[in-house]
Amino acid sequence: MTGPAPDGTRAADVLTVVSVADVTPSVRRVTLTGESAAVAAAGPTVNLLVPRVDDPEPRWPRIQRDGRIVWPEGSHGIALRSYTARRQDPAAGELDIDFVLHGDGPAAAWAAAARPGALLAVAGAASLAERPARWLLLAGDETALPAISRLLAAAPPETSGVVYLEVAGPAEEQPLAAPAGIALHWLHREATPPGESTLLVDAVAALDRPEGDDVFAWIGAESAAVRAIRADLRGRWGLGRAQHHAIGYWRRGRAMAPAG
Ligand SMILES: Cc1cc2nc3c(=O)[nH]c(=O)nc-3n(C[C@H](O)[C@H](O)[C@H](O)COP(=O)(O)OP(=O)(O)OC[C@H]3O[C@@H](n4cnc5c(N)ncnc54)[C@H](O)[C@@H]3O)c2cc1C
1 MTGPAPDGTR
11 AADVLTVVSV
21 ADVTPSVRRV
31 TLTGESAAVA
41 AAGPTVNLLV
51 PRVDDPEPRW
61 PRIQRDGRIV
71 WPEGSHGIAL
81 RSYTARRQDP
91 AAGELDIDFV
101 LHGDGPAAAW
111 AAAARPGALL
121 AVAGAASLAE
131 RPARWLLLAG
141 DETALPAISR
151 LLAAAPPETS
161 GVVYLEVAGP
171 AEEQPLAAPA
181 GIALHWLHRE
191 ATPPGESTLL
201 VDAVAALDRP
211 EGDDVFAWIG
221 AESAAVRAIR
231 ADLRGRWGLG
241 RAQHHAIGYW
251 RRGRAMAPAG
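At position 131 of the sequence shown the residue is numbered 131 (my numbering), and the sequence of numbers has no breaks.
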């Protein structure tokens, strides 16, 4: 991480691809390397600056003290996208990001073409907005699987609860370590396109609210499904704002933001 310039901005942290591996048919793990401090700061949720495929010298934006991005003038082709650091190892200077290869969009295209030596930059990070609770509901699709894997890994062993993970089919399931009291359910979309199934919404709708208030629900998936689940949890379950975090991880038919 480089220090601030006289105008108070600093360079974005640039990471270099060291390896690429297909975790499942539609998920590509990109392992990146960078300075220890940059890797430590790049997660769990990370704002990626994704250059055009094969751009040898991306014109990275700069970052203001308050985290705002100062974009370069003119066309630069860099897209800002939110992802999750599946693994951060600052000592080794390594970071894994699992990209869903959904076939469209600058980030999916970049991941599909990523080779060792390719560059990606980081423009900030955030928490997963989780709260400690004795009972957890975690629900999401492939895009939220990295976040859910981290939430499960961080849950104390005495935690109980339910996880619903919607994926295309058995080949998309990944081994996940979870406390013994958490029941993990894989939901298979089969031929239904991503973002068009009601599997997650239906699964939560069929779930009774656990007793007590020591409950936290974390939901990440396509926006319409998240909206429906959020309404169910606030209405039928009566969860307060501090008892749930439900955000759209992507929007069907809409890019998250245009590339510059
Ligand atoms: C906090 C947060 C963390 C996230 N973590 C991850 C992560 O770790 N891994 C990951 O893969 N994604 C993750 N996502 C989702 C990712 O940011 C979106 O899928 C994003 O749209 C991908 O950008 P893109 O440039 O590939 O596509 P965009 O340019 O945003 O979209 C182009 C087209 O692709 C469609 N599309 C986008 N995503 C999908 C999808 N998953 N399946 C089918 N169609 C899609 C859009 O509807 C649009 O029509 C996360 C999102 C958030 C908000």
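We put the CB at the ideal spot given by N, CA and C, even for glycine.
Taking the CA atoms as reference points, Ala109 sits about 19 Å from Pro193. In terms of Cα proximity to Gln88, the closest of Ala125, Pro132, Gly212, Pro25 is Ala125. Within a 10 Å sphere around the beta-carbon of Pro258 sit fewer than 16 other beta-carbons, which makes this residue exposed. In the assembly as shown, Ser197 is a buried residue. Its beta-carbon has 16 or more other beta-carbons within 10 Å. Secondary structure in the segment 16-60: the alpha helix (DSSP H) runs of 4 residues or longer, each lying completely within the stretch, are 36-41 in chain order. The three-state secondary structure of Arg86, taken from DSSP, is strand. When only Cα atoms are considered, Ala121 and Glu172 end up about 28 Å apart. Of the candidates Leu184, Ala118, Pro132, Ile69, Leu184 places its Cα closest to the Cα of Ser149. Glu190 carries a coil assignment under DSSP once its states are collapsed to helix, strand and coil. Within the chosen limit of 6 Å, ligand 1 reaches the beta carbon of Arg81 through at least one heavy atom. The three-state reading of DSSP puts Ile69 in strand, counting E and B together. With at least 16 other beta carbons inside 10 angstroms of its own, Val167 counts as buried.
Looking from the CA of Arg131, the closest CA among Val17, Gly260, Val14, Ala242 belongs to Ala242. Here the alpha carbon of Val20 sits roughly 35 Å from the alpha carbon of Arg230. Residues of the same chain with a CB within less than 6 Å of the CB of Trp237, apart from the 5 flanking positions on each side, are Arg209 in chain order. When Val204, Ala79, Val215, Leu165 are compared, the shortest CA-CA separation from Thr159 is found for Val215. The continuous stretches of alpha helix (DSSP H) do not include Ile78, and DSSP gives it neither H nor E. Taking C-beta separations shorter than 8 Å and ignoring five residues to either side along the sequence, the partners of Ala40 in its chain run Gln88, Pro90, following chain order.
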